[in-house]
Ligand SMILES: [Zn+2]
């Protein structure tokens, strides 16, 4: 599933394409993937801003409506201008099989703009969704998520407070709790913990203050680095311009179980924490 850097990459690319455009209609092919009364609500939806919250894409209208999109496992958004030229982002459908610039059998929702351009929502596995909510509903959804780790509010002190909220939880699980910190999933939890030389199995309360500081810095560093490189393409994630995220080449533990640690050369171990595959170095992550 795309995490903070991947969703941010999609948002950055989409924003420049669709800001100011007006949705005029839609075709919903898989009903459960669009929220209630979707067809009505999308009409005359004029886009003011496109932003990210946690792992969601938030498209705000000029009259305070919010189109929320979650790509989940295999979702992909492709903007197609009226000449048929595409720019999208998310998980690519194999291009040799399907033309992503046209509706195909994996296209679940088609959003039409007034000027004839389209926003296509392809999703092989149909876990993705979009819905339109008003200001109050959006506030409620927004409040379910914790702090944005790249916001100014995410200070070291704030991070310490968050750790104290769930002292007995394994640190990796805590990092992935969306109600505490928004946007970190399996990839960036593993990578941040490796960077900070902290075992993912440690209880939050066992971290010494120097370790908390190092982890705090590592989270920010890894997320920023990934955004700069257009995210990770481990799950064949492509950026809006069709390029694969280049952060995959920078991964040090994620999907590297059984390979040598890039720091100490011992073999990286795989375990499960909270049901999620976790890769770490027994030797240099204490
Ligand atoms: Zn190591």
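Numbering (this note's numbering), first residue to last: 1349 to 1634.
All C-beta atoms in this analysis are idealised placements derived from N, C-alpha and C, irrespective of residue type, glycine included.
TODO: Leaving aside the five residues before and after residue 1611 along the sequence, list all residues of the same chain whose C-beta is less than 6 Å from its C-beta, in chain order.
DONE: 1632
Neighbouring residues (CB closer than 6 Å to any heavy atom of ligand 1):
1609, 1611, 1612, 1614, 1629, 1631, 1632
What is the DSSP secondary structure of residue 1566, counted as helix, strand or coil?
helix
So, is residue 1593 buried or exposed, given that buried needs 16 or more other C-beta atoms within 10 angstroms? buried
* Asked: Looking at C-alpha atoms only, which residue of 1516, 1407, 1630 is the closest neighbour of residue 1607?
  -> 1630
Distance between residue 1469 and residue 1454 (C-alpha atoms, nearest Å)
8 Å
Checklist line | Backbone CA spacing between residue 1504 and residue 1386 [nearest angstrom] | finding: 41 Å
Going straight from the alpha carbon of residue 1529 to that of residue 1414, what length do you get?
22 Å
Would you mind listing the beta strand (DSSP E) stretches within the segment 1435–1512 that are 3+ residues and don't spill past its ends, in chain order? 1455–1461, 1466–1471, 1477–1481
Within 8 Å, strictly: CB atoms of residue 1508 and residue 1502:
no
Using the Cβ count rule (16 or more neighbours within 10 Å means buried), how would you classify residue 1384? exposed
With DSSP run on the structure shown, which of helix, strand or coil describes residue 1360? helix
Let me make sure I understand the geometry here. Which of 1374, 1473, 1364, 1566 has the alpha-carbon closest to that of residue 1421?
1473
For residue 1415, the first and last residue of its enclosing beta strand (DSSP E): 1414–1418
If I follow the unbroken beta strand (DSSP E) through residue 1424, where does it start and stop?
1423–1428
Worksheet item: How about residue 1460 and residue 1373: do their beta carbons lie closer than 8 Å?
Response: yes
Beta-carbon contacts of residue 1540 that lie in its chain and below 6 Å, excluding the five residues immediately before and after = 1566, 1567, 1570
Practice item. Return helix, strand or coil for residue 1583, following the three-state DSSP convention. Key: Only weak support exists for where residue 1583 lies, its pLDDT of 49 falling under 50; the value from the coordinates is given anyway. Residue 1583 falls in the coil class under three-state DSSP.
Identified DSSP bridge partners for residue 1594: 1580
Practice prompt. Could you tell me which of 1465, 1424, 1449, 1546 sits nearest to residue 1367, measuring between CA atoms?
Written response: 1465
task: Locate the alpha helix (DSSP H) running through residue 1535, then write down its first and last residues.
output: 1534–1543
message = Among 1523, 1546, 1545, 1483, whose alpha-carbon lies nearest the alpha-carbon of residue 1535?
response = 1523
Rounded separation between residue 1477 and residue 1613 - CA only:
42 Å
| message | Let me make sure I understand the geometry here. Which of 1401, 1564, 1557, 1628 has the alpha-carbon closest to that of residue 1354? | response | 1401
- prompt: Just the Cα atoms here: how many angstroms apart are residue 1361 and residue 1429?
  reply: 14 Å
Candidates 1449, 1512, 1573: which alpha carbon is nearest residue 1555's? 1512
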